[in-house]
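The listed protein sequences correspond, in order, to chains A and B. Residue 1 is where the first sequence starts when you use the numbering used here, and the numbers rise one by one after that. Residue 1001 is where the second sequence starts when you use the numbering used here, and the numbers rise one by one after that. C-beta: ideal position from N, C-alpha, C; glycine also. Down below is the structure, laid out as structure tokens.
There are 2 protein chains.
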Amino acid sequence: MKNSLSLEDIYNLAYTTLTKGGSCSEQAEAVAQTILSAEKDGSVSHGLFRLPGYFNSLKSGKVNLNPNPSLHKVTKAVLKCGGDRSFAPLIHKMYLNELIKSTKDIGIGVLSIQRVAHFASLWPETETLAENGLIGIACTSYLPVVSPFGASEKLFGTNPISFAWPRKTNNPLVFDMATSSLALGDVQIAARDGHELPVGAGIDANGNATTDPNQVLEGMLLPFGGYKGSHLSMMIELLAGPLVGETTSDTTEENNIDDGGPPLGGQFILAMSPEIISGLDDWDKNAETFINKLSNLKGVRMPGKRRHINRTSLENIEVNSDLLNKIYSL
Amino acid sequence: MKNSLSLEDIYNLAYTTLTKGGSCSEQAEAVAQTILSAEKDGSVSHGLFRLPGYFNSLKSGKVNLNPNPSLHKVTKAVLKCGGDRSFAPLIHKMYLNELIKSTKDIGIGVLSIQRVAHFASLWPETETLAENGLIGIACTSYLPVVSPFGASEKLFGTNPISFAWPRKTNNPLVFDMATSSLALGDVQIAARDGHELPVGAGIDANGNATTDPNQVLEGMLLPFGGYKGSHLSMMIELLAGPLVGETTSDTTEENNIDDGGPPLGGQFILAMSPEIISGLDDWDKNAETFINKLSNLKGVRMPGKRRHINRTSLENIEVNSDLLNKIYSL
């Protein structure tokens, strides 16, 4: 069963639920906006689906109701943010502009974020950078739900990475993908809706291959693309963990309050100015030729394209009614 | 048939062949050292196997016999190098130290390289950064030999990416991998030695799946890991191309002299200081816990480990005798 909600309804439902959970307005606004953006883009697993988790992390005391984040400009190219146990969208709302400013000045910059609960897609932050003429790369880790290639023990998070390339007269070219075979939200939704997973997505608790989402949730996901995807997942653990002064997914779990919401950890955001680094005013010329050639190849689906089309719609959005009932009951 | 060569023999053979091709000493030394390092590490496809290609690119006039590269410090964090049609190892020998210096000062830095012929592994440059306490990430594109996911037309290079993480009391943790299913050198060696390729590695010229390396060489490779590997390959085209003021693989080919050697293009090298970005003296503590846990998991093979073991050997190295005869005949 589905219910039809307007964009305003979705924002208000998210905002109200978060403030009912005790969040201050500013944080609730940032998260509600992120949930609305995900729903508009058709990214169901990062929209209202996440709201009960956000709510629970407020109620458990893990996430700060009224956080007071701080920004330290370590050097002209390194910004270090103490998240004060906030939801990540608040940090992006407060500090992405500082990263944009410093990167337009010096050509490259990193925003290193500690003590933050990231429960959303990564494209909102990378796309914001690209809308300002910068390349954005972001990654974060999570809780151990993925086995490294070759093993059958959980160690990695789903460890998404997002990349956004700026275009002067077009939407940025953006991808945002888990380095696991599937995002965890998609496995949870497959379990809820009774769908099978693709072959190779995960293994059960005993290390046997399975396409049953419930077995995978009790067992573990696998990295995408064998040992290469596994190496990338390892890289992301290090970038979004120790590099930003934070824990990796396994240690994150040891310190986590298991409230169904996101854990506290780190995020790594890199920004680069193609204008400064290439030294060219028409830095986009070769890129546009390439992107157009790629998007015109028969059979190619450009990342982010469906999202950008979805978001132009002002129509109501169909939301799973069990989910809605769950949210109303919070 | 194989022949046994000492490490000194390998270096001398490479150096002599390159100077016979007309290269100045300094460039020949840098490339010979890179070839020796590959052979020592057991990375056959990047060792002497590449020497005829290097030689041909000198003889054809594509690569400068006596290049005069330049470095421009655009900002405190952006170094821009004009390669003057040199082989990449010369650039790394000349300028990696500058990147190390600026990154230790400001926490992050990029070395953007134009007009260079890259025909080697990427780990020598990222590992050098990590041996100096920095994270290294490098990538480069090539010639179009890979079809984007979903298509059956060559557009991407094999587009390798390397990542190195510094460790205070251990060899750096390094991976270096093509974003294609296989590196091109490995396909060429499989063709030479009459081995089949793994299923899914490539397609023939008509877009049909094949495990015959000769068919793949006439056709094209596929990205590793489906659409996700394809997105990463696309990202690398943009980072090692337009971001550094260079061409993507497809345009590189249009301007290339087809001499069997490497094309002229760009390279992107990123360095980051975990000490500065994390703000911690013991930035390595969480990382070491994680790396040790990973490497102790049953079934996990740590990237770079075999290379680091191989390189401690001072024994002679077995080299394919057809290859040696080919090199002697140059």
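### Query
Can at least three beta-carbon pairs, one atom from the segment 1029-1047 of chain B and one from the segment 1108-1128 of chain B, be found at a separation below 8 Å?
yes
### Burial state of A:K20, where buried means 16 or more other Cβ atoms lie within 10 Å
exposed
### Message
Counting beta carbon pairs with one atom in the segment 99-111 of chain A and one in the segment 1103-1112 of chain B, are three or more of them shorter than 8 Å?
### Response
yes
### Query
Should B:N1056 be labelled buried (16 or more other beta-carbon atoms within 10 Å of its own) or exposed?
buried
#### Entry: Amino acids of chain A, ordered along the chain, whose beta-carbon sits closer than 7 Å to that of B:A1088
Simply none; closest approach about 18 Å.
### Query
So B:P1144 and B:F1156 are in contact, right, with Cβ under 8 Å, and what is the actual spacing, rounded?
6 Å
### Message
Strictly below 9 Å CB to CB, what residues from chain A border B:W1283?
### Response
P242, L243, G245
### Beta-carbon neighbours of A:P355, restricted to chain B and to distances below 7 Å
Summary: the structure shown does not reach residue 355 of chain A, with chain A confined to residues 1 through 330, and so no result is reported for it.
### Top-ranked residue by Cα proximity to A:I161, from A:L239, A:Q215, A:A30
A:L239
### Query
For A:G136, which three-state DSSP category applies?
strand
### Query
Once you ignore the five residues that flank B:R1115 on each side, which residues in its own chain have a CB closer than 7 Å to its CB?
G1082, G1083, D1084, R1085, L1264
### Task
Please name the residue, chosen from A:A151, A:A117, A:L71, that lies closest to A:Y142 on a Cα-to-Cα basis.
A:A117
### Closer than 8 Å to chain A by CB, B:S1043
no
### Task
Given a cut-off of 8 Å, decide if A:A138 and A:S102 are closer than it, judged by their beta-carbon atoms.
no
### Ranges of the alpha helix (DSSP H) found wholly within the segment 1092-1116 of chain B, counting only runs of at least 4
none
### Query
Using DSSP with H/G/I as helix, E/B as strand and the rest coil, what is B:R1085?
strand
### Message
Pairs of beta-carbons, one from the segment 1084-1100 of chain B and one from the segment 1057-1073 of chain B, closer than 8 Å: are there three or more?
### Response
yes
### Query
A:E237 versus chain B: which residues are under 8 Å apart at the beta carbon?
F1290
### Task
Give the range of the alpha helix (DSSP H) segment to which A:F295 is assigned.
It is Ser, not Phe, that sits at residue 295 of chain A in the sequence shown. Start and end: 284-296.
#### Entry: Proximal chain A residues relative to B:L1294, where beta-carbon distance stays under 8 Å
P148, L155, M234
### Task
Return the bridge partner residues of A:S180 from the DSSP annotation.
A:P223
### Proximal residues to B:S1037 (C-beta, below 7 Å), its chain only, five neighbours per side dropped
P1124
### Query
Would you call B:S1233 buried or exposed, if buried means 16 or more other Cβ atoms sit within 10 Å of its Cβ?
buried
#### Entry: A:A164 versus A:M235: straight-line alpha-carbon distance, rounded
19 Å
### Message
Taking CB distances under 8 Å as the criterion, tell me whether A:E299 reaches chain B.
### Response
The residue you asked about is not Glu; residue 299 of chain A is Gly in the sequence shown. At least one chain B Cβ lies under 8 Å of A:G299.
#### Entry: Buried versus exposed, by CB contacts within 10 Å (16 or more), B:Y1328
exposed
### Query
Is the distance from the Cβ of A:V174 to the Cβ of A:G304 below 8 Å?
yes
### Task
Please check if any C-beta of chain B sits within less than 8 Å of the C-beta of A:A271.
no
### Buried or exposed by the 16-neighbour rule on C-beta atoms within 10 Å, applied to A:L314
exposed
### A:S70 in three-state terms, based on DSSP
strand
### Query
Contact between the segment 277-293 of chain A and the segment 1243-1251 of chain B: three or more CB pairs below 8 Å?
yes
### CB of B:A1271 within 8 Å of CB of B:I1035, strictly
no
### Query
The beta strand (DSSP E) spanning A:F268 covers which residue range?
264-272
### Task
Pick out whichever of A:S25, A:S60, A:A88 has its Cα sitting closest to the Cα of A:I269.
A:A88
### Task
Provide the residue span of the beta strand (DSSP E) that contains A:L48, from first to last.
Unbroken run through A:L48: none, as it is neither H nor E.
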